[in-house]
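Protein sequences, first through last, are from chains F and W.
Positions 1 to 326 (the working numbering) are the ones given, in order, by the first sequence.
Positions 1001 to 1326 (the working numbering) are the ones given, in order, by the second sequence.
Built from N, CA and C at the ideal position, the CB exists for glycine as well.
Presented below is the structure to which this report refers.
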Amino acid sequence: MAREIPYIAAIGEAIHQEMERDDTVLYFGQNLATHDDDPFLQAFGSDRVRVTPISETAEIGMAIGAAFAGYRPVVQLYMAEFMLVAMDQVVNEAPRFHYMTGGQVKVPIVLQAGYGFTAGWAGQHTGSIYGMFLGVPGLKVAVPSTPADAKGLMTASIRDDNPVVFFHHYLLTLEHGDVPEGEHVVPLGEAAVPREGTDVTIVAIGWMVGKALAAAEQLAAEGVSAEVIDPRTLVPLDTATILDSVEKTGRLVVVDQSTRHGSAAAVIAAEVASEGFSSLRAPIELVTALDATIPYSEPMEAYLLPDEAKIVGAVQKVLGFAPVAA
Amino acid sequence: MTDPAAARLDGDVGLGLLRTMWRIRLFEERVGQLTRGDEVHGLVHLSIGQEGVAAGVCSQLRLDDVVYSGHRAHGHAIAKGAPLHRIMAELMGRSDGLCQGLGGSMHLVDVEHGFLGATGVVGGNVPLALGSALAGRLLGGDQVAVVFFGDGAVQGGIFIESVNLATLWRLPVILVCENNGFAEFTPRSAHTNVERVSDVVAPYGVVRETVDGNDVVAVRDAFARFLENAREGEGPMLLECLTHRLRGHYEGDPERYREALAAEEWQQLDPILRLQRRGVNERWLDEEATVRIEQGTRDEVDEAVRFGRESPFPPVALATELVYAS
């Protein structure tokens, strides 16, 4: 049975249920349990729920070593950027070991990383940095946009035998949505199509999915039928669903909160340009953040980011409408 | 307090240590030759001159104890029990190599023999060993984790993060530093003002000892004391072994940065020659036994090379097959 809970609670519920189901699931992180009646600590004890110092490199490295022995650690990093101080472990240890050992070991770890907190958190806590992990074979990358997907993808990430970076969007933290109560698994690598349409395909990632749906609603009033696709995971990427949609609509807009160069949007556009060129009736449009560090001041912050109006403008452009004056 | 009877090394132990050191020495000398003929290609780091550390430590470990090493890993793998022919096949990039040719010299792993292996990034292995130690404790066994690293790794933040966490959680991990006085191409004095690695960990309360790493018996005795306590669940501990790398940082290193050792000086330092002298003095070794060990090892290395040469190269399609664990 489903009931409405917030996105962040859905993630916690997935971890809790997986820890109940499987003794090998461990939970590491800074400030993870700040008092004795913490529900995770109460349920699973301090052997499995481990408060760490601010030592991301050691935390993640330790998770890898425990994973070699059959454990499934979830490392709560809070801010995705905190992974950057541990890039050797994230990029050059965790995803390489299964491969480099000829398949002798597996590294089933989940790195739980919040991102995109564009609410005045300025330059170092707001990046949408998933794009930099798409070029790391061996890593999987999840980017849930709804509470139900957040639960289902976290469950699948914990059960997966590979390292998964689970990017949860900080501005979705308190968004409520229907979430199944019991076991709920969303397989990694299956896109969702939250809105069907025939004139244009909008692929949107994370927080951008809601904005794309709002833009699609606005476009419907103008007689434009937009299909919205949420890839849900960027690795594996469900290119088949995207290509099928573009074959139907002939037009593609990709919406990504990341800066444009090296973004997931650029990768998706390249896949469609390469594999679906004959379906395209207009050039692909990318709606991304401008290539700059996120500024502190609110108007500048908003100026830099994709929004509904920019998505509507991009759709109008691929449909050949005259550009709307700003 | 030294018991004169105990000061004499048990002959079987001595012969075992000698055999292990010869296996490392002759294997690596052969690898050096094979790199020059490009039968072993890529970057290769030899541990010739440092065999006493690998032999002294690993000779006391069980199959289920876990050992990690770095880029200079052949000796540790051999001492932990990885078969010469499968290491050689790996270095030759063949199908029957330990890692099916996907890892090579810097990423040797042999799970079956508890050699969890090599990471090519200096210091990257230390937190992984913590994870193994944590897993061992959670599983309730008395196995220990051992990680070898050079003095060059100690100046990295990852080392201190790991030492801090290991002491905080009292993990049964034994840190074995091979302090050969050089970090890659520059002497320790170019890296730090702290001469002894054991002093670096002093504030954390790590049980520590510095020994002559070219005296394999001294290494063995010191490690035995640590191992006994680690089996009881104590840790971490640090064994600093002062040693000397006879070869360059990598095979082909022109070594402009240091003077070659005089032959006489090397005679004094060579851990194999030192143990042989001791064996002769203590009458558990004679000329005939020395020749027999050396010749037997040469035959074994020849056989490893033959095995490597006869093993096919892996099908190239393997290169994309083990990116993810399924």
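Asked, Found
"Any beta strand (DSSP E) of 3 or more consecutive residues that is wholly inside the region 11-38 of chain F", "25-29"
"Three-state secondary structure (DSSP) of Glu-308 (chain F)", "helix"
"Cβ separation of His-1249 (chain W) and His-1041 (chain W), assumed to be a contact under 8 Å, to the nearest whole Å", "Actually they are not in contact, since the Cβ atoms of His-1249 (chain W) and His-1041 (chain W) sit about 18 Å apart, beyond 8 Å."
"Cut-off 7 Å between Cβ atoms - residues of its own chain near Glu-56 (chain F), not counting five sequence neighbours on either side", "Leu-77, Phe-82, Met-83, Val-85 and Ala-86"
"is_contact[Tyr-7 (chain F), chain W] using C-beta, thresh 8 Å", "no"
"Residue of W:Gly-1081, W:Asp-1199 and W:Gly-1103 minimising C-alpha distance to Ala-1089 (chain W)", "W:Gly-1103"
"Tyr-115 (chain F) versus Leu-1034 (chain W) - alpha carbon distance", "49 Å"
"Neighbour list for Cys-1099 (chain W) in chain F, Cβ cutoff strictly below 8 Å", "Met-100, Thr-101, Gly-102 and Gln-104"
"Which listed residue (W:Thr-1020, W:Ile-1272 and W:Glu-1251) has its alpha carbon closest to that of Gly-1037 (chain W)", "W:Glu-1251"
"Three or more C-beta pairs below 8 Å linking the region 1075-1090 of chain W and the region 1133-1142 of chain W", "no"
"Cβ pair Val-105 (chain F), Val-1053 (chain W) closer than 8 Å", "no"
"Residues within the region 60-86 of chain F neighbouring chain W, beta-carbon criterion of under 9 Å", "Ile-60, Gly-61, Met-62, Ala-63, Ile-64, Gly-65, Ala-66, Ala-67, Phe-68, Ala-69, Gly-70, Tyr-71, Pro-73, Val-85 and Ala-86"
"Reference Tyr-296 (chain F); option with closest CA among F:Trp-121, F:Val-91 and F:Asp-47", "F:Trp-121"
"C-beta atoms of Asp-1151 (chain W) and Asn-1180 (chain W) nearer than 8 Å", "yes"
"Rounded straight-line distance, which links the Cα of Glu-1028 (chain W) to that of Ala-1190 (chain W)", "28 Å"
"Contacts around Ser-128 (chain F), its chain only, beta-carbon distance under 6 Å, and the 5 residues preceding and following it disregarded", "Tyr-115, Gly-116, Gln-257 and Ser-258"
"Interface residues of the region 1215-1232 of chain W facing chain F [CB-CB below 9 Å]", "none"
"Cβ contact (3+ pairs, closer than 8 Å) linking the region 268-278 of chain F and the region 171-178 of chain F", "no"
"Within 8 Å of chain F by C-beta, residues of the region 1130-1144 of chain W in sequence order", "Leu-1130, Gly-1131, Ser-1132, Ala-1133, Leu-1134, Ala-1135, Gly-1136, Leu-1138 and Leu-1139"
"Cutoff 8 Å; reference Leu-1134 (chain W); Cβ partners in own chain excluding five residues on either side", "Trp-1169 and Leu-1171"
"Rounded separation between Val-1197 (chain W) and Ile-242 (chain F) - CA only", "56 Å"
"Contact belief for Val-51 (chain F) with Ala-67 (chain F) at Cβ below 8 Å, rounded distance in angstroms", "Actually they do not touch by this definition, with Cβ atoms about 19 Å apart."
"Stretch pair the region 1223-1237 of chain W + the region 1281-1290 of chain W: three plus CB contacts closer than 8 Å", "no"
"Exposure label - Thr-249 (chain F); buried when at least 16 CB within 10 Å", "buried"
"Endpoints, the beta strand (DSSP E) within which Met-1021 (chain W) is located", "Counting along the chain, Met-1021 (chain W) falls outside any beta strand (DSSP E), though it belongs to the alpha helix (DSSP H) covering 1011-1036."
"Which of helix, strand or coil DSSP assigns to Glu-1264 (chain W)", "helix"
"Ala-204 (chain F) and Asp-230 (chain F) closer than 8 Å at C-beta", "yes"
"8 Å Cβ cutoff, Thr-1119 (chain W) in contact with chain F", "yes"
"Residues within the region 205-232 of chain F neighbouring chain W, beta-carbon criterion of under 7 Å", "none"
"Other residues of its chain near Leu-41 (chain F): CB distance less than 6 Å, five sequence neighbours each side excluded", "Ala-33 and Val-49"
"Whole-angstrom C-beta distance between Asn-1125 (chain W) and Phe-1159 (chain W), which should lie under 8 Å", "So it is not a contact: roughly 10 Å between Cβ atoms."
"Short CB-CB distance (under 8 Å) between Ala-33 (chain F) and chain W", "no"
"Closest Cα partner of Leu-1308 (chain W) within the set W:Glu-1039, W:Arg-1023 and W:Gly-1233", "The question names Leu, but residue 1308 (chain W) is Gly in the sequence shown. Nearest option by C-alpha distance: W:Glu-1039."
"Interface positions of the region 131-150 of chain F facing chain B (Cβ-Cβ less than 7 Å), listed along the chain", "The structure shown has no chain B; the protein chains it does contain are F and W."
"Where Tyr-303 (chain F) falls, given that 16 or more other Cβ within 10 Å makes a residue buried", "exposed"
"Selection of the region 274-305 of chain F by Cβ proximity to chain W, strictly under 7 Å", "none"
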